[in-house]
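Counting with the UniProt record's numbering, you get residues 1 to 375 for the letters of the sequence shown. Notes to accompany the following structure.
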Amino acid sequence: MKKLGIIPALLLLLLTVGCREEAIEINSIEDFEAFLEAEMDEQNIPAAAVLIFRGEEVLYEKYAGFSNLEQEVALQPDHLFLTASISKVVTATALLQLYDEDAFELDDPVNDYLPFEVNVPGYTQSITFRMLLTHTSGIADNDSVMDEQYYYGEDPPVSLSFFIENYLSQGGQFYDADENFYDFEPGTDYEYSNIGSALIGVLVEEISGLDFNDYCKAAIFSPLQLSHTSWRLDEILGRIVTPYDDIGGQNEPIAHYTNADYPNGGLRTTARDLHKIAAAIASDGQLAGVSLLKPATAQAMMTPQIAEIDDEVGLHLFELYKPDALWGHDGGEQGVATIMGFNRSAKTGVIILTNQGEAYLEDLFVGAYQLGVKL
């Protein structure tokens, strides 16, 4: 999801959650950890990983609760969370690396780079790369189709390109002119699109000549030495955090799952690995001698691209919290809630990963950032 309504800042950090009657003031690590413990208890969150960073430096990290309740496995730094829509940051980075290689221009029609046609029914305007990266393509999420593309305990038996072509191409197995597209001309309105993000993964494949997963491993995971990051269940090294749904006050475990449209939300990683990706983008695309993106491209990710439609949308990043100029992404899926954001000038940011699908993280996110600027 784009963002979930982080509250405005006060002169001091005063956080209120839901019907909380007393304001929370964060002035120290002790204050924050008390707040975190209270939120986990109130929201029935089994496990939470919190990491605060400034550039390459980790200022603070906390691993609270249980990775698996049934086995009483305490959360550890090397346990992998499903990151949900934070995954889109990696997907966008992969595409923008190819942009940095002059493989395309942002306003090029994507049909020029695909082996099939993608058009919004009733309109002649071509969908461009910029439209996909700003959720203005007019491609819609058809839940009746997407809900059938969850695979529990296994990786998808169909390829990314097969699913997306059959969803977006007229005559395809999953094509529906009314449900798979919005009724507006591409580039004229904003509607968040998971399928549009998955199409970015297909474009990475077509332009690079590599499977999307293989491209990410070669161009992102390996250079940044991300040893606990994977798009696939069968490639995971380490323990995966069990996702849970809160049903009537009881946390019910969910089997580990994947999706056919995985570039929009299927990345599993740790807070420490994710820190390297976030820190690189926040530091103008550069980290520890690795050039992930050109500085201008990383800056464009955190620059409004469609101000006349929505002035908080960059290139697959969003301005999550204006008072502190925090750009990033959040995510929500079955059994997980996540948020990641950073201030480009301060190069300071926050990552919070949890394994409970109904968790509300925005106040913790702002509190953690305000702690970070004090550290």
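Here a beta-carbon is modelled for each residue, glycine too, at the ideal position from N, C-alpha and C.
Item: Between the CA atoms of residue 184 and residue 264 - distance to the nearest angstrom; Value: 22 Å
Item: Presumed contact (8 Å Cβ cut-off) between residue 349 and residue 298, rounded CB distance; Value: That pair is no contact at about 13 Å.
Item: Backbone CA spacing between residue 133 and residue 44 [nearest angstrom]; Value: 34 Å
Item: Residue burial classification, residue 21 (beta-carbon count within 10 angstroms, cutoff 16); Value: Caution applies to residue 21, whose pLDDT of 42 falls short of 50 and renders its modelled position unreliable; the value that the coordinates give is listed next. So residue 21 ends up on the exposed side.
Item: Rounded straight-line distance, which links the Cα of residue 186 to that of residue 62; Value: 43 Å
Item: Secondary structure of residue 21, DSSP reduced to three states; Value: A caution first: residue 21 carries a pLDDT of 42, below 50, which makes its placement in the model unreliable, though a value can still be read off. If DSSP states are grouped into helix, strand and coil, residue 21 belongs with coil.
Item: Paired residues, beta bridge with residue 268 - DSSP; Value: 82 and 230
Item: Residue environment, residue 369, which counts as buried when at least 16 other CB atoms sit within 10 Å; Value: buried
Item: Local Cβ density within 10 Å of residue 164, reported as buried at 16 or more and exposed below that; Value: buried
Item: Environment of residue 234 [buried if 16+ CB atoms lie within 10 Å]; Value: exposed
Item: Residue 253 - partner residues in DSSP beta bridges; Value: 244
Item: Terminal residues of the beta strand (DSSP E) in which residue 318 lies; Value: 318 to 321
Item: Assigned secondary structure, residue 58 (DSSP; H/G/I helix, E/B strand, else coil); Value: strand
Item: C-beta contact flag for residue 377 and residue 73 at 8 Å; Value: One cannot answer for residue 377 here, as it falls past the ends of the chain, which runs 1 to 375.
Item: Residue 163, enclosing beta strand (DSSP E) - first and last residue; Value: Residue 163 -> not in any beta strand (DSSP E); alpha helix (DSSP H) instead, spanning 160 to 168.
Item: Under the three-state DSSP convention, the category residue 340 falls into; Value: strand
Item: Candidates 321, 208 and 162, of which the one nearest residue 101 by Cα; Value: 208
Item: Inter-stretch contact (C-beta, 8 Å, three-pair minimum) for the region 281 to 300 and the region 86 to 99; Value: yes
Item: Residues that residue 109 bridges to, as DSSP identifies them; Value: 128
Item: Whole-number beta carbon distance between residue 309 and residue 189, since they are thought to touch under 8 Å; Value: 7 Å
Item: Nearest to residue 146 (by Cα), restricted to the options 372, 259, 215 and 280; Value: 259
Item: Beta-bridge pairing of residue 386 - partner residues as DSSP gives them; Value: The question about residue 386 has no answer here: the residues shown for the chain are numbered 1 through 375.
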